[in-house]
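What follows is a short report on a single structure.
Protein chains in written order, with the working numbering: chain V, 91 to 490; chain H, 91 to 490.
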């Protein structure tokens, strides 16, 4: 946001901010109440009384965000301008590194017989078999025409590949005939700059098919969703704050790394995430902290479990407040109403706590309180980083 | 705002609008209350009950505006698009005219010895000495290579110069070595169009140094912040309303003149400002009325004095209402919370009164009432002029 003037406004100081994300925390009413309204949240209630509340819309009015755009917006990058391609998301979700200049693609193991694709998913081979085949490829294919790559199994028959070469551009059609009974369709470049990418993908498929020639049913692969890492200014350069991303799931760690955050590995529980925050608090200026299970419960359509996960999230608040961050922001990357069983477009409740944040009359961290009594109003997600910087005293005055 | 369609929408009638600005009036909570909440404001309260309330953000989310951007936004000009350079602000703040085509610069008197700058502020000479040196320059330098200029002393060792020539463009590096012990650094153009400006500035410095050769410690000058007046469509042309700006301080009169408002001189008190409004009410369609002291008290960190200044401001309301303006808008150019002692990013309360303004449930002119009960919601400052025009019946229907 305000990309044109932001670089001239950023200044540094010793403040620290925590951005606490409960994935999919917003909801919509079921019998008159949302999950947040139904939950017992004494810590969030107490904090809400001393904070500014409002609602944010992650991408835009009515737009349901995926996790990628949802988080990019929270990090202050316009998710419509900076789109994260499918290949990059698959790679991040598989726990791979994707950095500027990389080309990431999604792969399907598939079956070819007599020159025709007979199964686009290779009989939906199990994840273990997929991992075995990926290992075989890794051992037999050190590079593609001199270009290094990483490959990693995802779920079932799917895998991801990241090619490391700045010359590889992503305007490439899928190497996928889309239906069975047709011959393989080679990758084709949509522009001149992407011809090398198409060639490398086609050589990769050819080599993989050779390596797997004695396998059944997975004896070839399809490649889709070629995508470069978005060309963004990394978080620390953009904001002057050294950031870390504390998360359990690979997707969120990957999104954090995409903007240049350090991401500790090996965290599996909320307790471990809190412990990490405590132990590394002094080493960073900005802590993005991700809690997943509010979203999972919403996607399962389980109102009561989402309530329980919100109550679990609530228990983390005192330990985080004990660190006395200069600014604490609590929100979600999108809403996931359990009635919908999906991510949704509903605005997400937002709380900003800090010495100079207006203490409004909202007495609970709920959608309704935020809308009725919140001083912040409705803002785009990309405004949140601006408010974090402002409340941290990290923005110069604009103009004299 | 809506620059593309606005010219086709403007129509004229006999309505009159008053834009009443209490500088820095917004605040944030201290022990649960803002200065506006703590103040006794019977007149504002009564008016709020019959008006529309809301909040505006002067430049953008989280951005703290200087007075220049703050006022440009109120006048309906996008403050990010129309940036007012340092030289122009210094000139306006010194009470000088700056019009389209001018090039304004800030000057420092400095000390040069044996070809090196030994003091960038000439021992911080007092304002009186500065004025004396400026007078000497004025007497001895009628023009610079035929280009006319005005020069005026500012505070201490600082002065401002406005060169009047449309050929002078402002892409010029500061003529300032930034540190002592170095030789003077001539102004350098950053593009071809600005080469004449660099030359004129360098000749000006050379002549000044000659004129001051027997002075100590101020025997040369540095020139910084070269800036053209922003290329804007003047207020009356843009809105079809003949405007005046009633203000005590040079900066606000200067900002008003920048957009083409007439600005009476010699006003020193709120009472004199009101008297001027009364006496000239029929001569203009639009009256910008500036009250300074809410901001001054906020910048001094004095909660109680800011409360007192708000109460003083409140006493002006009946006299202004007695003029029966068709539209009265009350707001600030930004917030200045006394807890922060600075301008801030907090949204500013806004009141719109007029025959067709929605009378919402807000019963006081405070940040909280505006957020909780205001019909206007949160809007950018540039929207305020649109609402003034609309409530004045000065905008045609858009489309049939």
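From the three backbone atoms N, C-alpha and C, an ideal C-beta is built for every residue, glycine too. Just so it is clear, the structure is predicted and the values come from calculations on it, not from any experiment.
{"query": "Euclidean distance between Cα positions of residue 228 of chain H and residue 393 of chain H", "result": "44 Å"}
{"query": "Backbone CA spacing between residue 142 of chain H and residue 376 of chain H [nearest angstrom]", "result": "20 Å"}
{"query": "Span of the beta strand (DSSP E) around residue 142 of chain V", "result": "142-147"}
{"query": "Whether residue 316 of chain H touches residue 262 of chain H by CB criterion (9 Å)", "result": "yes"}
{"query": "Contacts of residue 164 of chain H in chain V (Cβ-Cβ under 7 Å)", "result": "Result: empty, since nearest Cβ-Cβ is about 13 Å, beyond 7 Å."}
{"query": "Chain H residues whose Cβ lies nearer than 7 Å to that of residue 455 of chain V", "result": "Near residue 455 of chain V there are no residues of chain H at all, since even the closest Cβ is about 17 Å away, more than 7 Å."}
{"query": "Interface positions of the stretch 448-474 of chain V facing chain H (Cβ-Cβ less than 9 Å), listed along the chain", "result": "448, 449, 450, 451, 462, 463, 464, 465, 466, 467, 468, 469, 470, 472, 473 and 474"}
{"query": "Proximal residues of chain V, C-beta to C-beta of residue 429 of chain H below 7 Å", "result": "446"}
{"query": "Range of the contiguous alpha helix (DSSP H) that encloses residue 369 of chain V", "result": "360-370"}
{"query": "Near-chain H residues of the stretch 321-340 of chain V (beta-carbon distance less than 8 Å), N- to C-terminal order", "result": "none"}
{"query": "Option nearest residue 459 of chain H by Cα separation, candidates H/447, H/438, H/198 and H/471", "result": "H/438"}
{"query": "Span of the beta strand (DSSP E) around residue 334 of chain V", "result": "333-336"}
{"query": "Within-9 Å CB hit, residue 92 of chain V to chain H", "result": "yes"}
{"query": "Rounded C-alpha distance that separates residue 287 of chain H from residue 184 of chain H", "result": "22 Å"}
{"query": "Test: residue 170 of chain H CB closer than 9 Å to a CB of chain V", "result": "yes"}
{"query": "Chain V within 9 Å of residue 368 of chain H, Cβ atoms only", "result": "no"}
{"query": "Amino acids of chain H, ordered along the chain, whose beta-carbon sits closer than 7 Å to that of residue 95 of chain V", "result": "170"}
{"query": "Per-residue DSSP class, three states only, for residue 271 of chain V", "result": "coil"}
{"query": "Residue 46 of chain V versus residue 371 of chain V - alpha carbon distance", "result": "With chain V covering only 91 through 490, there is no way to say anything about residue 46 of chain V."}
{"query": "Residue 367 of chain H vs residue 379 of chain H beta-carbon contact at 9 Å", "result": "yes"}
{"query": "Under 7 Å by beta carbon: chain H residues contacting residue 477 of chain V", "result": "151 and 152"}
{"query": "Runs of alpha helix (DSSP H) lying entirely within the stretch 96-166 of chain V, each at least 4 residues, in chain order", "result": "96-99, 125-128, 132-139 and 157-164"}
{"query": "Whole-Å CB distance - residue 446 of chain V paired with residue 118 of chain H, under 8 Å assumed", "result": "6 Å"}
{"query": "Nearest-angstrom beta carbon gap, residue 348 of chain V and residue 253 of chain V [assumed within contact, 8 Å]", "result": "Not a contact, Cβ separation roughly 16 Å."}
{"query": "is_contact[residue 138 of chain V, chain H] using C-beta, thresh 9 Å", "result": "no"}
{"query": "Opening and closing residue of the beta strand (DSSP E) in which residue 192 of chain V lies", "result": "192-203"}
{"query": "Identified DSSP bridge partners for residue 314 of chain H", "result": "H/196"}
{"query": "Residue-level contact to chain H via CB, residue 485 of chain V, 9 Å cutoff", "result": "yes"}
{"query": "Bridge-paired residues (DSSP) for residue 378 of chain V", "result": "V/109 and V/335"}
{"query": "At least 3 beta-carbon pairs within less than 8 Å: the stretch 384-401 of chain H vs the stretch 176-183 of chain H", "result": "no"}
{"query": "Burial state of residue 284 of chain V (16 or more Cβ within 10 Å)", "result": "buried"}
{"query": "Chain V contact for residue 176 of chain H (CB, 9 Å cutoff)", "result": "yes"}
{"query": "Chain-ordered residues of the stretch 412-440 of chain H with a beta carbon less than 9 Å from chain V", "result": "427, 429, 430, 432, 433, 434, 435, 436 and 437"}
{"query": "Within chain A, the residues that residue 156 of chain H reaches when beta carbons sit closer than 7 Å", "result": "Within the model displayed, chain A is absent; protein chains V and H are what it includes."}
{"query": "Those residues which DSSP pairs with residue 421 of chain H across a bridge", "result": "H/111"}
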